[in-house]
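Protein chains in written order, with our numbering: chain A, 1 to 342; chain B, 343 to 684; chain C, 685 to 1026.
Working notes for the structure below.
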Amino acid sequence: MEFTAQKIAEMLHGEIEGDPTILVHNISKIEEGKVGTLAFLANPKYENYIYNTKASVVLVNKTFSTEKKIETTLIKVDNAYSAFASLLEIYQQLKGNKQGISPQAFIHESATIGQNVYIEAFAYVGENAIVGNNTKIYGHSYLGDNTQVGSDCTLYAGVKIYEDCVIGNSCIFHAGVVIGSDGFGFAPVDNDYKKIPQIGNVIVEDHVEMGANTTIDRATMGSTVIRKGVKLDNQIQVAHNVEIGENTVIAALTGISGSTKIGKNCMIGGQVGFAGHIQIADEVKIGAQAGVASSIKQKGMILLGTPAIEVRNFQRSSIVFKQLPELLKRVGVIEKKSIKTE
Amino acid sequence: MEFTAQKIAEMLHGEIEGDPTILVHNISKIEEGKVGTLAFLANPKYENYIYNTKASVVLVNKTFSTEKKIETTLIKVDNAYSAFASLLEIYQQLKGNKQGISPQAFIHESATIGQNVYIEAFAYVGENAIVGNNTKIYGHSYLGDNTQVGSDCTLYAGVKIYEDCVIGNSCIFHAGVVIGSDGFGFAPVDNDYKKIPQIGNVIVEDHVEMGANTTIDRATMGSTVIRKGVKLDNQIQVAHNVEIGENTVIAALTGISGSTKIGKNCMIGGQVGFAGHIQIADEVKIGAQAGVASSIKQKGMILLGTPAIEVRNFQRSSIVFKQLPELLKRVGVIEKKSIKTE
Amino acid sequence: MEFTAQKIAEMLHGEIEGDPTILVHNISKIEEGKVGTLAFLANPKYENYIYNTKASVVLVNKTFSTEKKIETTLIKVDNAYSAFASLLEIYQQLKGNKQGISPQAFIHESATIGQNVYIEAFAYVGENAIVGNNTKIYGHSYLGDNTQVGSDCTLYAGVKIYEDCVIGNSCIFHAGVVIGSDGFGFAPVDNDYKKIPQIGNVIVEDHVEMGANTTIDRATMGSTVIRKGVKLDNQIQVAHNVEIGENTVIAALTGISGSTKIGKNCMIGGQVGFAGHIQIADEVKIGAQAGVASSIKQKGMILLGTPAIEVRNFQRSSIVFKQLPELLKRVGVIEKKSIKTE
């Protein structure tokens, strides 16, 4: 895709200073600008870069005035940052604007496929599966039997959804996401284990995004539930019968054990571990690598450490941890004195 | 699938109280029962639910007697819980009872395919690979050259098995499992690294289950070995030349470094890390997020923490950890006093 | 593949003692030798095994002389270990010497494909993608639109590379690697989150190896960069705009948060976590499960623990950690005495 400065100025209701015919085919940071790209200048700290940038076009605030000669073409707008953000969205939409069903996809004759979908080669859509309007399914993605995927979703390459799972609208799943694998349930029988059938499913509500290679197990019975607006980073593990509340955000490599319920609007760091069968209140924040062994009832609490404790408490104790050998010596010294004193 | 209460009662050798013609097409918990589903009541704590449940059929113990009027149809059996478990298994078997080889699968002409197998579209079976009887291979699964997979296995969508690996009977691998990738072996040469060829393989014995996106590296030489009955959760990493003993169970996101041998009947929590070249005795239990840096020789030991120590020791030290800033102050106070005393 | 002892001796410029016509089709350790395999003896500790090994051929140093009768055929070389290493490489090359493009692969008509490539069934090569000479792409691998992959690369089964990413020469990506998934970027808007478009890409330089199911997110703008010679183990997570310096080696399950820069020739253990927006100096070593919360400016520093501190400091403090309950008691005893003394 290539646009003239003129065309971009029109999209953003901006004014051009410079060459309206200059062409732009990509976006760059102002400090790394290259010919043929568009950058923006919002933070005055970066103002110096505008005089040397190789970017062909720079979005600036209307209030910006040049102090020296400038090579690049300017587009002046009310708010350079938000204009740039709008442009990004337009760019994404144009780029992702694919349609059509590949003849090399497998779509079971009983499946229901919406309008304006995009389904690539080697995608697999099982028996009685339902795919909503405008949804995109990339190569090597797999929808098991009876799976429902809503409208306006994007399933990148290699997403695997097991049978009977239900996905809402406007969800984005990145490559390698697995939804609906069996929960980890085994009944000990002597020294051996017997598999407990996992007959539940996974329900994912609207506007959920999941990062690459994240896995969500199906419920033993009932549903593992990912509520509206939840954002999961890469390589997160969600066990059977977990529930994650609305708009909760979780960073990479975190694991949540079976039947745990996490509240709304929580923020969870990377590599955090949650024990099973616990409840986490709304708006709780948990720092990276923490281990949460028991329920957290207080809304908005901030925790850190393994076992996780209140954040300032953990930080203070960590400082003393570094001094432990010295503390041990000091206690030894006092003990000796105290013996002498006796 | 849909069954009458009558049909289910026959399968379970139970007695009907209510409507023998009522239809059931799914299973539910008694507290979340819906029309058309079957639930069970074994725990007296849940007895109240039976009077309001929407479940069409409920399995109950023969000893159960109603106190009020009941809407639902009852099936009375000797043991409601075990009857329910049997029913789950029948349900699973019927559901998983797929057969046939898709013409859209790739099966090398030199491969040997058993009887009653199920191979979906886009599955790949390489040169000289062997697939046992009744085994199911879902879409996008990959068997490298010379791979052997036993009978009665299930490989869900997107399982990747590299060349020369050997899988036993009755194994279940979930979506995204990788078996036989190269061990992480590099010889430092100046500031650079030279790859050490990884020419061993992976051997997985019978009745092993592996969760979604778990990875098992092939041995440098010889075999990485997963013994009979091992159960691995999702996103576990097993390095080259590791051996995991019979019936050991490991939770999600745990990593085992190269050449480590884990004993039989161990229970390992989530996000645990094992150093390389160590031995873990049989029946050892290791809590979540522990870091095991050296061999554990004592059978049945229970450990926690990084570095992992005996569990009660860790718990007691963790309690003091929270009090460290206060402890530091107390020592300071004593020191001052002790100086005055001198 | 099968070779005579004679043929192998020729390749290694060695001398035969025994049967030059004996056949070898695989490699084994001397202590686990089987008929039809070749082993080597370099370490005198293993000398006893040579008298009982079932290996058909054993490579030995020229200086080696037998004390008793030997069944196996010997090949005497200057350096048995390095001769064996050369043999491994020859073996790997022969094994990996596949060529040809499967008619069941999908290759967009606009893609550019080099010479002597190997592309398996169900591989996907998108619009304007470029694949260099001698590169191997296994089944279910995916190259998005405009992706460039250099020469002499191997992409094992199920590697997913998103659009616009650039991969150098001589790279090896194991099964399930994901490159170019969206960075985890959301702007809070009230209680909701708005996705920040991730329009950058990933650049991977030459001689990089990545383990199974490792994930590398694309940059928000600009590039996530993996420098020359970097070796990543399995299930590593690299966030947007991260840069990893030349020849740095990272073990499994480690996570690196957004915009962090890691130096050259670092060695990072497994399950380590890095905060975002920090810098790590060259040649730094970080032990397994450490949590690195702030920049490390000192070259060659060795760290451990969460939060990570200098390794000996951590080890000394860990020893005292185990004694904390006792230390608490000792302080209590002193306090009582000190009160009595007053």
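For glycine and all other residues, C-beta sits at the position ideal for the given N, C-alpha and C.
Here the structure is a predicted model, which means the values were calculated and not measured.
Mapping the DSSP letters down to three states, classify Lys-738 of chain C as helix, strand or coil. In the third sequence, the residue the question calls residue 738 of chain C occupies position 54. If DSSP states are grouped into helix, strand and coil, Lys-738 of chain C belongs with coil.
Go through its chain and collect everything with a Cβ distance to Glu-927 of chain C's Cβ below 6 Å, but skip five positions before and after it. Position 243 of the third sequence, counted from the start, is the residue given in the question as residue 927 of chain C. Contacts found: Val-909 and Lys-945.
Could you tell me which uninterrupted beta strand (DSSP E) segments, each at least 3 residues in length, are contained entirely in the region 801–889 of chain C, listed from first to last along the chain? 862–865, 870–873, 876–879 and 885–888
Could you name the residues of chain B that Ser-257 of chain A contacts, counting a contact when the two beta carbons are closer than 7 Å? In the first sequence, residue 257 of chain A corresponds to position 257, counting from 1. Within 7 Å Cβ-Cβ: Gly-612.
State whether the region 274–285 of chain A contacts the region 245–259 of chain A, with contact taken as three or more CB pairs (one from each stretch) at a distance under 8 Å. yes
Val-402 of chain B to Ala-422 of chain B, Cα distance in whole Å? For the purposes of this step, residue 402 of chain B is taken as residue 60 along the second sequence, with counting starting at 1. For the purposes of this step, residue 422 of chain B is taken as residue 80 along the second sequence, with counting starting at 1. Distance between the alpha carbons of Val-402 of chain B and Ala-422 of chain B: 5 Å.
Distance, His-516 of chain B Cα to Lys-641 of chain B Cα: Position 299 of the second sequence, counting from 1, holds the residue named residue 641 of chain B. Position 174 of the second sequence, counting from 1, holds the residue named residue 516 of chain B. Near 31 Å, if we compare the C-alpha coordinates of His-516 of chain B and Lys-641 of chain B.
Name, in chain order, the residues that DSSP records as bridge partners for Gly-442 of chain B. Within the second sequence, the letter at position 100 stands for residue 442 of chain B. Answer is B:Tyr-460, bridged to Gly-442 of chain B.
Between the CA atoms of Ile-774 of chain C and Gly-698 of chain C - distance to the nearest angstrom: Counted from its first residue, the third sequence places residue 698 of chain C at position 14. Counted from its first residue, the third sequence places residue 774 of chain C at position 90. So the two alpha carbons sit approximately 16 Å from each other.
Using a Cβ-Cβ distance under 8 Å, would Met-221 of chain A count as near chain B? Along the first sequence, read from residue 1 onward, the residue named residue 221 of chain A stands at position 221. Yes, because at least one Cβ of chain B sits closer than 8 Å to the Cβ of Met-221 of chain A.
Which residues DSSP lists as bridging Val-634 of chain B, in chain order: What you label residue 634 of chain B is simply residue 292 of the second sequence in a count that begins at 1. Bridge partners of Val-634 of chain B: B:Phe-616.
Of all the residues that make up the region 307–332 of chain A, which are near chain C by a beta-carbon distance shorter than 7 Å? Ser-318, Phe-321, Lys-322, Leu-324, Pro-325, Leu-328 and Val-331
Of all the options C:Thr-688, C:Ile-934, C:Ala-805 and C:Leu-696, which has the alpha carbon lying nearest to the alpha carbon of Leu-707 of chain C? As a working mapping, residue 707 of chain C is identified with position 23 in the third sequence. Here the closest residue by C-alpha is C:Thr-688.
If distances are taken between C-alpha atoms only, which option among B:Ser-444, B:Glu-451, B:Phe-448 and B:Asn-488 comes closest to Gly-126 of chain A? Residue mapping note: residue 126 of chain A aligns to position 126 of the first sequence, counting from 1. Comparing Cα-Cα distances from Gly-126 of chain A to each of B:Ser-444, B:Glu-451, B:Phe-448 and B:Asn-488, the minimum goes to B:Ser-444.
Between the Cα of Pro-362 of chain B and the Cα atoms of B:Lys-411, B:Ala-397, B:Thr-415 and B:Ser-370, which residue gives the shortest distance? What you label residue 362 of chain B is simply residue 20 of the second sequence in a count that begins at 1. Closest by alpha carbon: B:Thr-415.
Going by DSSP, which residues form a beta bridge with Ala-723 of chain C? As a working note, residue 723 of chain C is residue 39 in the third sequence. DSSP, once it has assigned bridges, lists C:Val-742 as partnering Ala-723 of chain C.
Does the region 231–246 of chain A come within contact of the region 208–219 of chain A, defined as at least 3 CB pairs closer than 8 Å? yes
Would you say His-697 of chain C lies against chain A (beta-carbon separation less than 8 Å)? Position 13 of the third sequence, counted from the first residue, corresponds to residue 697 of chain C. No, its Cβ sits nowhere closer than 8 Å to a Cβ of chain A.
Using the Cβ count rule (16 or more neighbours within 10 Å means buried), how would you classify Ser-762 of chain C? Position 78 of the third sequence holds residue 762 of chain C. As written in the sequence, residue 762 of chain C is Asp, which differs from the Ser given in the question. By the neighbour-count rule (16 or more Cβ atoms within 10 Å), Asp-762 of chain C is not buried but exposed.
Quick check on Ser-865 of chain C - is its C-beta less than 8 Å from some C-beta in chain A? Working through the third sequence from its first residue, we reach residue 865 of chain C at position 181. Answer yes: the Cβ-Cβ gap between Ser-865 of chain C and chain A drops below 8 Å somewhere.
Just to check my reading of the structure: Ile-268 of chain A and Ala-251 of chain A have Cβ atoms closer than 8 Å, yes? What is that Cβ distance to the nearest angstrom? Position 268 of the first sequence, counting from 1, holds the residue named residue 268 of chain A. Position 251 of the first sequence, counting from 1, holds the residue named residue 251 of chain A. The Cβ separation is near 7 Å, so the contact holds.
Within-8 Å CB hit, Val-976 of chain C to chain B: Within the third sequence, numbered from 1, the residue matching residue 976 of chain C stands at position 292. By this cut-off, Val-976 of chain C is not an interface position.
What number of angstroms, rounded off, separates the C-alpha of Asn-853 of chain C from the C-alpha of Asn-817 of chain C? As a working note, residue 853 of chain C is residue 169 in the third sequence. As a working note, residue 817 of chain C is residue 133 in the third sequence. Their Cα atoms are separated by approximately 9 Å.
Please state the DSSP three-state secondary structure of Met-695 of chain C. By one-based count along the third sequence, residue 695 of chain C stands at place 11. Three-state DSSP puts Met-695 of chain C in a helix.
Would you list the one or two residues that DSSP bridges to Ser-770 of chain C? Along the third sequence, read from residue 1 onward, the residue named residue 770 of chain C stands at position 86. According to DSSP, Ser-770 of chain C bridges with nothing at all.
Grab the span of the alpha helix (DSSP H) containing Ser-317 of chain A for me, first residue to last. For the purposes of this step, residue 317 of chain A is taken as the residue at position 317 of the first sequence. Residues 311–322.
How many angstroms separate the CA atom of Val-284 of chain A from the CA atom of Ser-835 of chain C? Counted from its first residue, the first sequence places residue 284 of chain A at position 284. Counted from its first residue, the third sequence places residue 835 of chain C at position 151. Looking at the two C-alpha atoms, the distance is approximately 49 Å.
Show which residues of chain B have a CB atom less than 8 Å away from the CB atom of Phe-806 of chain C. The count along the third sequence starts at 1 and reaches residue 806 of chain C at position 122. Within 8 Å Cβ-Cβ: Phe-448, Phe-464, Tyr-466 and His-482.
Considering only C-alpha positions, which residue in the set A:Gly-144, A:Asp-164, A:Val-230 and A:Pro-197 is nearest to Ile-172 of chain A? As a first step, residue 172 of chain A is located in the first sequence; it is residue number 172 there, counting from the start. Nearest C-alpha to Ile-172 of chain A: A:Val-230.
Beta-carbon of Ala-617 of chain B versus every beta-carbon of chain C: anything under 8 Å? Position 275 of the second sequence holds residue 617 of chain B. Answer yes: the Cβ-Cβ gap between Ala-617 of chain B and chain C drops below 8 Å somewhere.
For the candidate residues B:Val-399, B:Asn-390 and B:Lys-387, whose alpha-carbon lies nearest to that of Ala-381 of chain B? In the second sequence, residue 381 of chain B corresponds to position 39, counting from 1. Nearest of B:Val-399, B:Asn-390 and B:Lys-387 to Ala-381 of chain B, Cα basis: B:Val-399.
Assuming the contact rule is C-beta atoms closer than 8 Å, Phe-748 of chain C and Leu-725 of chain C should be a hit. Round their C-beta distance to whole Å, please. Indexing the third sequence from 1 puts residue 748 of chain C at position 64. Indexing the third sequence from 1 puts residue 725 of chain C at position 41. With a Cβ gap of about 7 Å, Phe-748 of chain C and Leu-725 of chain C count as contacting.
Relative to the alpha-carbon of Glu-686 of chain C, which residue among C:Val-976, C:Glu-893 and C:Lys-779 has its alpha-carbon at the smallest distance? By 1-based counting over the third sequence, the position of residue 686 of chain C is 2. Of the listed residues, the one whose Cα sits closest to Glu-686 of chain C is C:Lys-779.
Tell me whether Gly-864 of chain C, by its Cβ, gets closer than 7 Å to a heavy atom of the ligand HEM. By its list of ligands, the structure shown contains no ligand whatsoever, and the ligand HEM lies outside what it can speak to.
What residues in its chain sit with their C-beta under 7 Å from that of Gln-104 of chain A, if we drop five residues either side in the sequence? As a first step, residue 104 of chain A is located in the first sequence; it is residue number 104 there, counting from the start. Counting only Cβ-Cβ distances below 7 Å, and skipping sequence neighbours, we find Ala-121 and Phe-122.
Roughly how many angstroms separate the alpha carbons of Ala-650 of chain B and Gly-954 of chain C, rounded to a whole number? Along the second sequence, one-based indexing puts residue 650 of chain B at 308. Along the third sequence, one-based indexing puts residue 954 of chain C at 270. Their Cα atoms are separated by approximately 16 Å.
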